[in-house]
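The structure appears right after this line, and notes come after that.
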Amino acid sequence: MDKLSPEQRRKNMQAVKAKGSVIEMTLAKALWQKGYRYRKNDKSVFGKPDFTFKKLKIAIFVDSEFWHGKNWRKSKHHHKSNQEFWHRKIEQNIKRDKTVNKTLKNNDWTVIRFWGNEIQKNVASCVIKIEESIKTKKAECHI
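Taking our numbering, the leading residue of the sequence shown gets 110, the next gets one more, and so forth.
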């Protein structure tokens, strides 16, 4: 049984953003303050990463725990209503994420994925991880 009324559930789901979420903006501001310039949601890169450093072939994804199935084996049982729909939806997202990772890596991209909670709790460590990837790629490419 859902805790929310159908109208409230619909309103909540309509408020979910595909891009420009709070967690994305938090990481974007932290990167910008450090002087990093990036592309957001670049459609020319497979999987349309949230952030790309195209010259260095670094793709960064910001994944919400709910939509991308964090700890899926445990959390899949938390869905009380419309389980079949949600299980199929989230499992498709997980499968798509794996395909995107594999395709990008096969094309020499570095793929970095962060959970929303990681960014909210410690954006500085996320920025450090990105900086390390940038330094590594620059050393490989001699840029």
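Quick reminder that beta carbons are idealized off the backbone N, C-alpha and C, glycines included.
Residue burial classification, residue i (beta-carbon count within 10 angstroms, cutoff 16)
i, result
"Phe194", "exposed"
"Ile132", "buried"
"Cys235", "buried"
"Gly144", "exposed"
First and last residue of the uninterrupted alpha helix (DSSP H) at residue i
i, result
"Trp141", "131–142"
"Ser234", "232–250"
Of the listed residues the options, nearest to residue i (C-alpha basis)
i, options, result
"Leu165", "Gln201, Trp224, Val220, Thr208", "Val220"
"Asp151", "Lys163, Tyr145, Lys143", "Lys163"
"Gly156", "Glu249, Trp218, His196, Ala248", "Trp218"
"Ala168", "Asn216, Asn226, Cys250", "Asn216"
"Arg222", "Lys247, Asn210, Asn231", "Asn210"
"Thr212", "Ser242, Val154, Arg197, Arg146", "Val154"
"Ala139", "Ile228, Lys244, Lys214", "Ile228"
"Ile239", "Ile203, Ala137, Ser130", "Ala137"
Beta-bridge partners of residue i, as assigned by DSSP
i, result
"Trp224", "Asp172"
"Thr219", "Ile167"
Start and end residues, beta strand (DSSP E) containing residue i
i, result
"Phe162", "160–162"
Rounded C-alpha distance that separates residue i from residue j
i, j, result
"Lys62", "Lys198", "Residue 62 cannot be examined here, being either before or after the span of the chain that is shown, 110 to 252."
"Arg146", "Asn202", "28 Å"
"Lys247", "His196", "41 Å"
"Ala233", "Glu200", "30 Å"
"Asn148", "Asn231", "Here the sequence assigns Arg to residue 148, which means Asn is not the residue at that position. Computed Cα separation, rounded: 22 Å."
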